[in-house]
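J.: The structure follows.
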Amino acid sequence: MASTTLSGTRVVVIGGSSGIGRAVARQAAEAGARVVVGSRSAEKLAATAEEIDGITTGVIDVTDEESVRAFFADLGAIDHLVICPGDMATGSVYDVSIEAVRRSLDTKIISPLLCVRHAGRSIAPTGSIVLLAGAGGYKAYPDLSATAAANTGVGGLGRSLAVELAPIRVNVVVAGLIDTPLWDSVPAEAKAGLFAQTAAATPVGRIGQPDDVAGTVLHLLENTFTTGALSFVDGGGTL
Ligand SMILES: NC(=O)c1ccc[n+]([C@@H]2O[C@H](COP(=O)([O-])OP(=O)(O)OC[C@H]3O[C@@H](n4cnc5c(N)ncnc54)[C@H](OP(=O)(O)O)[C@@H]3O)[C@@H](O)[C@H]2O)c1
6 MASTTLSGTR VVVIGGSSGI GRAVARQAAE AGARVVVGSR SAEKLAATAE
56 EIDGITTGVI DVTDEESVRA FFADLGAIDH LVICPGDMAT GSVYDVSIEA
106 VRRSLDTKII SPLLCVRHAG RSIAPTGSIV LLAGAGGYKA YPDLSATAAA
156 NTGVGGLGRS LAVELAPIRV NVVVAGLIDT PLWDSVPAEA KAGLFAQTAA
206 ATPVGRIGQP DDVAGTVLHL LENTFTTGAL SFVDGGGTL
């Protein structure tokens, strides 16, 4: 049988208090999983627990190894781990702040590695990990070189971990532009322009919603014959 059910399994969603992670947490809970959501903000976690019945939550900062160690030490055995925190460094290679580049590589590359280091031995051999990457880098865009390095780095990290951690499966979802709070820092008019321009340039004619990505994450958790995959959920944007 190529797929299993999430019913009764323990699914941990790091960065599950917003956007894509929150949609994953909701869909996994609806599929009968026992869901644990982690992120930095106790307030966002409380709002998520109010929205999704039956989940438990815990504070974790994935950029702080002690916080990661303590979070997973308290959890014990798990079946599936989904790692969603993101940070983006944008701007020309001449202008982008090196501090922003380091922060983004810290969150996108080093943090998943820390999560896997401290959770990996608690994941059931039948379990799996999903990492989130973005499309920038799988298609080249100007002013996104640092983000491209982070996103393609996540792809390499996931494929290597799929070999190292086997039989635990490790997959990577490569998401296109998704309408989440990640974009709230962009001024409203610029955000509307970016969303419209991207929708027009995307083969399916729209940008993505968190549930589009969450559906693929759930599929990867359930499909026992898929590991080391890069699954594009980008409406064809990288074609
Ligand atoms: N939205 C897009 O267009 C898009 C496109 C491609 C890829 N992605 C990737 O998809 C993933 C999810 O993005 P999203 O759009 O859903 O973002 P989001 O709505 O901003 O959610 C990010 C989540 O990560 C948590 N988080 C951030 N930094 C953290 C840290 N240091 N430690 C622990 N938790 C942390 C946030 O909660 P707290 O603030 O409480 O910590 C929140 O729950 C990211 O990896 C992002 O790069 C997004």
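Everything in the sequence shown is counted per my numbering, starting at 6 for the first residue and increasing by one. Ideal Cβ positions, reconstructed from N, Cα and C, are used throughout, including at glycine. Note that this is a predicted model, so its numbers are computed, not measured.
What does DSSP give as the partner residue(s) for Thr-62 in the beta ladder?
T.: In the DSSP output, where bridge partners are listed per residue, Thr-62 has Val-42.
J.: Just confirm the distance between the C-beta atoms of Val-41 and Gly-63, as a whole number of angstroms; I'd bet it's less than 8 Å.
T.: Right, the Cβ-Cβ distance comes to about 7 Å (below 8 Å), so this counts as a contact.
J.: Counting Cβ pairs, one atom from each stretch, are 3 or more of them under 8 Å apart for the region 173-190 and the region 208-226?
T.: Contact holds: three or more Cβ-Cβ distances are below 8 Å.
J.: Taking a contact to mean a Cβ-Cβ separation below 8 Å, would you say Tyr-143 touches Asn-156 in this structure?
T.: Their beta carbons are under 8 Å apart, which means Tyr-143 touches Asn-156 by this criterion.
J.: Kindly indicate which three-state DSSP category Leu-137 falls into: helix, strand or coil?
T.: Strand, per DSSP.
J.: Keeping to the same chain, check which residues put their C-beta closer than 7 Å to that of Ser-97; ignore five residues upstream and five downstream.
T.: So the list reads Asp-148, once near-sequence residues are dropped.
J.: Can you tell me the Cα-Cα spacing of Lys-113 and Val-175, whole angstroms?
T.: Distance between the alpha carbons of Lys-113 and Val-175 is about 16 Å.
J.: Could you pull out every residue in the same chain whose Cβ sits closer than 6 Å to the Cβ of Val-16, ignoring the five residues on either side in sequence?
T.: Cβ within range, chain order: Ala-33, Ala-38, Val-40, His-85.
J.: Going by other Cβ atoms of all chains shown within 10 Å of its Cβ, with 16 needed for buried, is Val-168 buried or exposed?
T.: Label assigned to Val-168: exposed.
J.: What is the rounded straight-line gap between the Cα of Ser-12 and the Cα of Ala-82?
T.: In a straight line, the C-alpha of Ser-12 is about 16 Å away from that of Ala-82.
J.: Answer yes or no: the CB of Cys-89 versus the heavy atoms of ligand 1, is any distance below 7 Å?
T.: Correct: Cys-89 has its Cβ closer than 7 Å to ligand 1.
J.: Which of the three DSSP states is assigned to Phe-230 in this structure?
T.: In the structure shown, Phe-230 sits in coil (DSSP, three-state: anything other than H, G, I, E or B).
J.: Would Ile-19 pass as a contact of Ile-57 if the rule is Cβ separation under 8 Å?
T.: Their beta carbons are not under 8 Å apart, which means Ile-19 does not touch Ile-57 by this criterion.
J.: Going by DSSP in three states, Ala-129 sits in which element: helix, strand or coil?
T.: Reduced to three states, the DSSP call for Ala-129 is strand.
J.: Counting only the same chain and skipping the five closest in sequence on each side, list residues whose C-beta sits under 7 Å from that of Ser-2.
T.: Absent from the structure is residue 2, since the part of the chain shown begins at 6 and ends at 244.
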